[in-house]
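For the protein sequence lines, the chains are U and Y, in the order given. Residue numbers for the first sequence, in the working numbering: 4 to 159. Residue numbers for the second sequence, in the working numbering: 4 to 159.
Protein chains: 2
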Amino acid sequence: MAVTGIDAKGRAAIPAFLRAALDRNGAESRVIIAESANAPCLIGFDPAYLEANRAKYGSRADARLDAGEAVDTNIARLAFALNDIASYDSSGRFVLPPFPAMKAGLDKTGPVLFAGLGDTFEIWNPDLLEADANVHPAFKERALFCLSQWKKGGKG
Amino acid sequence: MAVTGIDAKGRAAIPAFLRAALDRNGAESRVIIAESANAPCLIGFDPAYLEANRAKYGSRADARLDAGEAVDTNIARLAFALNDIASYDSSGRFVLPPFPAMKAGLDKTGPVLFAGLGDTFEIWNPDLLEADANVHPAFKERALFCLSQWKKGGKG
DNA sequence: CGGGATACAACGGGATTTTACGGGATTTTA
DNA sequence: TAAAATCCCGTAAAATCCCGTTGTATCCCG
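Pasting the structure below:
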């Protein structure tokens, strides 16, 4: 778990320990950003899983082209529109996709909290994390500590 | 997902991230435009994809004939006859084919929404997208966000 | 164990490239 | 020859790349 800042250009840096995990999975400096289904935060993960899903749904997008087969267009719509792909530079920075950023309360300059969850990691606005009743107190306590450490660094 | 504008000459620009996909498939600045079978919008895709689907339809029809079953000729009629081919310039603009444009409510100057679906992409009049009950709310919400961003850019 | 050297992380910002759009010039069609 | 479609160039804004700087953690050697 670590905190970095959003700069004037809307960029945030993925902490090094999470970046290392992405690189191990062959992410090639690309990360998928999506809304979390469980909390008012974003999740990030490497492109491999997403590509598999897209390949599965992408070939069944239109009933006419697919020779009359029934298709659920909304599945393809969501698979593509709700996942943003962002590429990060040599120091791990990526521009937060505007829509997810807005949904997660990250639409302005300020601190961002990254927390690894195994296959994915969460991206939080620290204020929303603190306010969420479903988040375990021990997790909150640690988040608060990381945040205060970051502020001590003189960036807040 | 992105929004661009129709100009006074009836041209719209395919967003760069979709154009890149077309180029990767060897589209050579040409795109197929057709009505969607699933929604009041258009779909666009590269010429190779059209050829692949025609071949797929042909083999399906052959199989049914071999089995002594009837073939639905209308599927072939629609899959072959209703596709317009448009070429786009160096900045991705193409003239919307008049008939499909009319069918999708894109017959006047205004914003157009492009959304990738994998092998194809959808081309929407944002108003019709908003009004369509079959479109998933999460997709609508993002569309609305893209539209407002485009309007903020001063092009509306 | 301590202190200096080294490596790397996060950040700021300039320089370059790309995008989307307007509109003029040329070609085609009727 | 007039009208319409197409091609093509210029441009402002925005996104992207890439460099240097600063601060912090780690290493190494005495």
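Glycine residues also receive a C-beta, built at the ideal position from the N, C-alpha and C atoms. Just so we're clear, the structure is a prediction, and the values are computed from it rather than from any experiment.
Within-8 angstroms CB hit, residue i to chain U
i: G159 of chain Y; result: Reliability fails at G159 of chain Y, whose pLDDT of 47 lies under 50, so the model's placement of it is uncertain and no value is given.
i: T123 of chain Y; result: yes
i: L120 of chain Y; result: yes
i: R22 of chain Y; result: no
i: I88 of chain Y; result: no
i: S39 of chain Y; result: yes
i: A141 of chain Y; result: yes
i: R27 of chain Y; result: no
i: N56 of chain Y; result: yes
i: I3 of chain Y; result: Absent from the model: residue 3 of chain Y. The displayed extent of chain Y is 4 to 159, so no value can be given.
i: M4 of chain Y; result: yes
Span of the alpha helix (DSSP H) around residue i
i: S151 of chain Y; result: P140 to W153
i: N137 of chain Y; result: It is not in any alpha helix (DSSP H) - N137 of chain Y carries neither H nor E in the DSSP assignment.
i: D122 of chain Y; result: Unbroken run through D122 of chain Y: none, as it is neither H nor E.
i: N77 of chain U; result: T76 to A84
i: A89 of chain Y; result: Where A89 of chain Y is concerned, there is no enclosing alpha helix (DSSP H), although the beta strand (DSSP E) it sits in stretches over D87 to S90.
i: A104 of chain U; result: P101 to K106
Beta carbon proximity, residue i to chain Y, threshold 8 angstroms
i: R33 of chain U; result: no
i: A84 of chain U; result: yes
i: R3 of chain U; result: Nothing about residue 3 of chain U can be reported from this structure: the residues present for chain U run from 4 to 159 only.
i: N77 of chain U; result: yes
i: K12 of chain U; result: no
i: V138 of chain U; result: no
i: D65 of chain U; result: yes
i: V98 of chain U; result: no
i: L68 of chain U; result: yes
i: P50 of chain U; result: no
i: V115 of chain U; result: no
i: P43 of chain U; result: no
i: V74 of chain U; result: yes
i: F148 of chain U; result: no
i: P129 of chain U; result: no
Limits of the beta strand (DSSP E) - the one that residue i falls within
i: I35 of chain Y; result: R33 to E38
i: A160 of chain U; result: Since the first residue shown for chain U is 4 and the last is 159, residue 160 of chain U is missing from the structure and cannot be characterised.
i: D69 of chain Y; result: Premise fails: D69 of chain Y lies in the alpha helix (DSSP H), P50 to D69, not in any beta strand (DSSP E).
i: D26 of chain Y; result: No beta strand (DSSP E) holds D26 of chain Y; the alpha helix (DSSP H) holding it covers A19 to R27.
i: A161 of chain U; result: Outside the shown range of chain U, which is 4 to 159, sits residue 161 of chain U, and nothing can be said about it.
Cβ-Cβ distance between residue i and residue j below 8 angstroms
i: F117 of chain U; j: I17 of chain U; result: yes
i: I36 of chain U; j: P101 of chain U; result: no
i: F97 of chain Y; j: R14 of chain Y; result: yes
i: P2 of chain Y; j: A30 of chain Y; result: Residue 2 of chain Y is absent from the model: chain Y starts at 4 and stops at 159.
i: P114 of chain U; j: L150 of chain U; result: yes
i: V34 of chain Y; j: L25 of chain Y; result: yes
i: V74 of chain U; j: N137 of chain Y; result: no
i: E144 of chain U; j: S39 of chain U; result: no
Buried or exposed (CB count within 10 angstroms, at least 16 for buried), residue i
i: N128 of chain U; result: buried
i: G47 of chain U; result: buried
i: K106 of chain U; result: buried
i: G95 of chain U; result: buried
i: D122 of chain Y; result: buried
i: L120 of chain U; result: exposed
i: A146 of chain Y; result: buried
i: T112 of chain U; result: exposed
i: K155 of chain Y; result: exposed
i: T76 of chain U; result: buried
i: W153 of chain Y; result: buried
Distance cut-off 7 angstroms: residue i Cβ against heavy atoms of the ligand GDP
i: A141 of chain U; result: Ligands in the displayed structure: none, and consequently the ligand GDP is not present.
* Asked: Per the contact definition of three or more C-beta pairs closer than 8 angstroms, is the segment 6-19 of chain Y in contact with the segment 85-101 of chain U?
  -> Result no; under three Cβ-Cβ pairs closer than 8 angstroms.
* To do: Kindly confirm or deny that the segment 72-81 of chain U and the segment 17-29 of chain U touch, where touching means at least three C-beta pairs closer than 8 angstroms.
  => Proximity of the segment 72-81 of chain U to the segment 17-29 of chain U falls short of the contact definition, fewer than three beta-carbon pairs being nearer than 8 angstroms.
* Are the segment 43-58 of chain Y and the segment 133-151 of chain U touching, with three or more C-beta to C-beta distances below 8 angstroms? -> Result no; under three Cβ-Cβ pairs closer than 8 angstroms.
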